[in-house]
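If you count the sequence shown from 1, position 46 lands on 46 in full-length UniProt numbering, and the numbers rise without skipping. Just so you know, even glycine gets a beta-carbon here, dropped at the ideal spot from N, CA and C.
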Amino acid sequence: MSAGGAVGRPRDPATDRAILAAALDLFTERGVDGTTIEGVAKRAGTTRLSVYRRWAGKEELLLGALEYARTQAPADAAEIRRMSLAQALDSTVELMERHSTQRLVAQLVAAAETHPELLRRYWDGVVVERRAALAAVIRRESAAAAPDRGTDPELVLDLLFGALLYNLMFRPGPRAPGEVRAYLRAAARQAGLLVPERPGADG
1 MSAGGAVGRP
11 RDPATDRAIL
21 AAALDLFTER
31 GVDGTTIEGV
41 AKRAGTTRLS
51 VYRRWAGKEE
61 LLLGALEYAR
71 TQAPADAAEI
81 RRMSLAQALD
91 STVELMERHS
101 TQRLVAQLVA
111 AAETHPELLR
121 RYWDGVVVER
131 RAALAAVIRR
141 ESAAAAPDRG
151 TDPELVLDLL
161 FGALLYNLMF
171 RPGPRAPGEV
181 RAYLRAAARQ
191 AGLLVPERPG
201 ADG
């Protein structure tokens, strides 16, 4: 190993992404205890040594995988701030469905006592920025529609996504295509944030 810590060939970004994606998938499916470096390497199509060259151990790898989840969002925070509320909610549902967020959150909660840094990293690295963008959209649209109502965007987000995660995590059975999106929009309408859509208004 050289003095600068570099050894052999430079790291391949495609291998980095494959390892992180595999780690995220396995953690979502199996939790911390069920995720192994060997399993991640096998799913990523690489070797254990290749994983250990990049991450010191499983928890560090999982922390990196949670940060990787943020980069896979269909829209970033800046884009969300420019959306209508309906579009922003739809984008969030797309992210949740793409990464099976209900299972991921369940695994994070289960691991919180023994691996608290995982839940903290997911909140700080994935949730906070997106939540701030959604709050800005709610604040803007609420001020335009009902300036005297005094809507609290943070409380509204807790109500909307608390209801959604409860529905996803505790109601048995699969969801039909579009069901999660429709549920979140219906919850937003109940909160007085969305009006009934005109035919052809989507898109």
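query	result
Ser2 versus Arg181: straight-line alpha-carbon distance, rounded	Because the pLDDT of Ser2 is 36, which lies under 50, any placement of that residue in the model is unreliable, and the number read from its coordinates should be weighed accordingly. So the two alpha carbons sit approximately 53 Å from each other.
Burial state of Leu108 (16 or more Cβ within 10 Å)	buried
Three CB pairs or more closer than 8 Å across the stretch 145-155 and the stretch 87-99	no
Nearest-angstrom Cβ-Cβ length linking Val105 and Leu66, presumed shorter than 8 Å	Wrong, their Cβ atoms sit about 11 Å apart, outside the cutoff.
Range covered by the alpha helix (DSSP H) that runs through Met169	153-170
For Asp25, the first and last residue of its enclosing alpha helix (DSSP H)	13-34
Rounded C-alpha distance that separates Val137 from Trp123	20 Å
Residue burial classification, Ser114 (beta-carbon count within 10 angstroms, cutoff 16)	According to the sequence provided, residue 114 is Thr. The question's Ser does not apply to it. Label assigned to Thr114: exposed.
Neighbour-count burial assignment, Ser84, 16 or more Cβ in a 10 Å radius	exposed
Within the stretch 101-137, ranges of the alpha helix (DSSP H) (whole runs, at least 4 residues)	101-111, 116-122
Candidates Thr47, Ser50, Leu24: closest to Glu59 by CA position	Leu24
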